[in-house]
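One line per chain: the protein sequences are P and C, in this order.
Start counting the first sequence at 5; every next residue gets the next number (the working numbering).
Start counting the second sequence at 1240; every next residue gets the next number (the working numbering).
Working notes, structure below.
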Amino acid sequence: MAYNIYICGIGGQGIIKTSIVIGETALSKDMNVVMSEIHGMSQRGGVVSTELKIGEDQSPIIQEGGADLILSFEPVEALRALHKSNKDSIIVTNVSPVLPSTINQQDVDYPEIDEVIKELETKVKKVFAIDANEIANNAGHPLSMNMAMLGAATAISTFPLDKEEVIEMMKNHLPPKSIEINLVAFEEGYNSCV
Amino acid sequence: MKIKELLNSEKGKKRFMLGNEAAVRGVLEAGVSLAATYPGTPSSEIGDILFKVAKDANVYFEFSSNEKVAIEVAASAASTGLRTFSFMKHVGVNVAADSFMTSAYIGVEGSLLVLVADDPSTFSSQNEQDTRHFARQANIPLFEPSNPQEIKDFIHYAYDISDQFNIPVILRTTTRVSHMRGIVETDEYNKNTKTFGEFKDNGLHVPVPEAARVMHNNLVEKISNIRKISNESPLNKIIDNGADVGIIASGGAYNYVADVIKQNNLKINVLKIGFSHPYPEQLVKQFLEQNKEVLVVEEVDPINEIETLAIAGRYNINTIIHGKKDKTLPETFEYTPDIIFDALQKIISFEDNRHTPNEMSSIQLPSRPATLCSGCPHRASYYAAREAINSLNLDIESIHPSDIGCYTLGIAPPYKMANYLMSMGASVGTSCGFSKSTENQPIISFIGDSTFFHAGIPPLINAVHNKNKFTLVILDNRITAMTGGQTNPGIPIDGMGDDAPAISIEALVKSIGINFVKKVNPLDVKEMIEVYKDALNYDGVSVIIAKYPCNLINKQKIRERKYNIVVDNEKCVHCNICVDKLACPSINEIDGKITIDQVCNKCGVCTQVCPTGAISKKE
Ligand SMILES: Cc1ncc(C[n+]2csc(CCOP(=O)(O)OP(=O)(O)O)c2C)c(N)n1
Ligand code: SF4
Ligand code: SF4
């Protein structure tokens, strides 16, 4: 058995970094951890996702419906990840949208955020919808958005890692220059989900 | 993992490593002296890391101009007694094949390991080919690690085989193994001390026909001897659960098998294959005899499966063998735990305790295709090409052979500047074919700088000599962008990070006798359109070098752009040229107003395409 986390969003949002901090924290606690990352053409606005399994599993892919937690850095991407969730999953999603660059050429409109959240709520046990962009901006830099999301994830009761341990690992893995801002973002993210 | 830790990690220390990081650690632990590559995902990070650590590790590292050259560099260096390393993506093997094939005949006095990363499900490739075929064709031993720890450990083992039998060896990974992170326990590492070897002529390095016959015999004998080792290798092991149903699994697919068995408490025997060529015949025979039914699990082609069927045939064993051939498993794309679960349910019965996945949402989701970055110079080149072609008012289609790189994204509307593509360098060769086989269809083809050096030069010589007529646009963005931004022969830095002579594309192209060569800054839209028009009128091979750096390496300059791009919506006449024809992702029409987002890098192209001056630079 493992605790399965599916993380998704868009290239440039710091998803890989966030996932590494989670993985490294698990290792520091002597837990087994495997992770898979798909970032084919992330520079150019494509979808990025990682799958993290903390526990006994060897394979880095989460079964359909097998995610305990979905951490989505963008609301529409949370909907796209629904196949990995089941009725008992928890979803933490950022509510700040990133419009696809080709949205003007597409027949489909970007959906209303309220509708997206409502839809997510009908599918899983609990949805935490937070404005991670705003938290990051208030903390002092838009790029700290990923740490706001990490803070939010850490607040989830089933999350297998402790807040202090994650913070320790952040200090290890983020540039000293920006650590203060990132810690503020993390803390605010955490508070928004407790 | 941090780069520093990659070198400093002590024996016995556990690290959270990417498969590609584990590969670098593995070859460094194994004492490699030289490494050569041409970048290709999913193996690209190996080169990015070596580029950073080569000096500290006292290893010679180069980005060769293509995979064939990389193999030649690594194989010849190995013949001087050194331990060498080359790595590439699966399609790189096609380019390297001519030399790689014969390298096994010639052998190595030192040792040579070639890591080849296959890409099941084509996450970042043009095909799904399986390198394990090549190993058989070339008589080269092949290993299939399942995770980062095994990547590192198998490297040691594979080098020992290479040493012992003086033969090159292949480590075959897949995207999910190269791009998997897992816990790796590092072994001892000492900085390389062997910088030079010595070449000795033993009379066995030149495969003229007579010698080649001898070499082939020797090689076949080597493989037969290595097969004995593969039968007994700890990399191939039977996990006996006292069942009468078994699974033979290799590579990344083994992980799914292990998890499905464990999660469902299944009683199944497993033969895990890590050393898959030469195939461990005796071990497989033993496994077949133990089981009434066997499922062979492997990603991409049914290679182990066919070997297994042959063994059953030879020894008259009537175990039922399932796999891709009898459609128990899919014949294409990567596997997942669910695919293995479903396949096993066809063979044995057990309860389905999996969570029921949620239905997808009924809300229609916009797609998120990758696009050229905001301010990418390729976009400007394509916009101008489209304008120039449209100005001809053709009643016949124009032909746009393209090539492989970020610029392949020019296939998308509104540019539609790619309608034929095969492999790296093929834009030029296929333009030659179109030039001879079509009459009034204009041909404008596109190739990146790295791709031009890789495989674009011989076909361009062909084009001149055979009097073709087409326009080749060399998109010189000063970097190999698609794979993450590696240097190439046009950049004044080499794989060691040292200064190096940069090859001038312009001088090179002129030297082969092309008389129409225009170097243009693609961000100058008007000039670019004029140059296209001139080129289209030229009777012969014309070359346009569109030279402007990719965003990845232009950050400093972009930061120095002190002006902002502003829209005066009073002046806007809603022609929507900026949104519909230039289609820079930073420009959006929101509530009838043109807006520019924060990602805009102020390249200024939109200010030139706006016919009313509504978009402008403001200091
Ligand atoms: C034989 C082969 N080797 C490597 C690759 C991986 N690859 C894809 S595009 C590319 C290079 C692109 O560089 P460039 O031509 O300069 O174009 P850019 O991406 O910079 O626009 C590489 C190395 C491949 N597809 N095929
Ligand atoms: S990475 Fe460079 S070449 Fe690729 S799309 Fe972005 S700007 Fe263009
Ligand atoms: S200046 Fe115009 S074309 Fe260039 S990146 Fe900004 S919005 Fe796009």
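Each residue gets a CB set at the ideal place from its N, CA and C atoms; glycine is no exception.
Remember, it's a predicted structure, so these values are computed and weren't measured experimentally.
Scanning chain P for C-beta atoms nearer than 8 Å to the C-beta of C/P1446 yields nothing, as the closest lies near 40 Å away.
Relative to ligand 2, the nearest heavy atom lies less than 7 Å away from the CB of C/H1617. Look at C/S1606 here: in three-state DSSP terms it is coil, with no helix or strand label. With a minimum length of 3 residues, the unbroken runs of beta strand (DSSP E) contained wholly in the stretch 1309-1372 of chain C fall at 1322-1328, 1350-1357. Taken atom to atom, the span from the alpha-carbon of P/P79 to that of P/V99 is near 5 Å. Residue-level contact by beta carbon fails for P/V188 and chain C, as no gap is shorter than 8 Å. For C/E1828, a Cβ of chain P is located within less than 8 Å of the residue's own Cβ. Contacts between P/Y114 and chain C, judged by CB atoms closer than 8 Å, involve P1605 in chain order. The C-alpha of C/I1394 is placed about 7 Å away from the C-alpha of C/A1269. C/M1256 carries a strand assignment under DSSP once its states are collapsed to helix, strand and coil. The Cβ of C/T1595 sits closer than 8 Å to at least one Cβ of chain P.
By the Cβ criterion, the stretch 174-182 of chain P is not in contact with the stretch 1248-1261 of chain C, since fewer than three pairs of Cβ atoms, one from each stretch, lie closer than 8 Å. Every unbroken stretch of the alpha helix (DSSP H) spanning 4 or more residues and falling wholly within the stretch 1767-1822 of chain C is given here in chain order: 1794-1799. Chain-ordered, the chain C residues with CB closer than 8 Å to the CB of P/H87 read P1596, N1597, M1599.
The Cβ atoms of C/I1465 and C/I1409 lie no closer than 8 Å to each other.
Bridge partners of C/V1533 according to DSSP: C/G1485, C/I1560.
C/H1395 carries a helical assignment under DSSP once its states are collapsed to helix, strand and coil. C/I1713: member of the beta strand (DSSP E) spanning 1709-1715, first to last residue. Listed along chain P, the residues sitting closer than 8 Å to C/A1497 by beta-carbon distance are Q62, S63. When 8 Å is used as the limit between beta carbons, P/I107 is near these residues of chain C: P1605, N1827, in chain order.
At least one CB atom of chain C sits nearer than 8 Å to the CB of P/P104. Bridge partners of P/E55 according to DSSP: P/Y10, P/S40. Counting only residues of its own chain and dropping the five nearest sequence neighbours on each side, C/I1579 has a CB closer than 7 Å to the CB of Y1495, V1496, V1499, V1536. For C/D1577, the nearest beta carbon of chain P is closer than 8 Å to its own beta carbon.
For C/Y1554, the number of other beta carbons within 10 angstroms of its own is below 16, and it is reported as exposed. For the alpha helix (DSSP H) assignment, the uninterrupted runs of no fewer than 4 residues enclosed by the stretch 1652-1703 of chain C are, from N- to C-terminal side, 1665-1676.
Short note on C/C1789: C-beta closer than 7 Å to some heavy atom of ligand 1. For C/K1253, the chain P residues whose Cβ falls inside 9 Å of its Cβ are L31, D34, in order along the chain.
When distances are taken from the beta-carbon of C/N1827 to the heavy atoms of ligand 3, even the shortest one reaches 7 Å or more.
Contacts with chain C at 8 Å (Cβ-Cβ) do not include P/N150. Residue burial annotation: P/Q17 is buried, with at least 16 other C-beta atoms found within 10 angstroms of its C-beta.
The three-state secondary structure of C/V1298, taken from DSSP, is coil. Comparing alpha carbon positions, the residue from C/A1356, C/K1307, C/H1455, C/L1631 closest to C/Q1376 is C/H1455.
Of the other Cβ atoms in all chains shown, fewer than 16 fall within 10 Å of the Cβ of C/E1590; this residue is therefore exposed.
Taking CB atoms only, C/F1438 has no neighbour in chain P less than 8 Å away.
For C/Q1795, the number of other beta carbons within 10 angstroms of its own is below 16, and it is reported as exposed.
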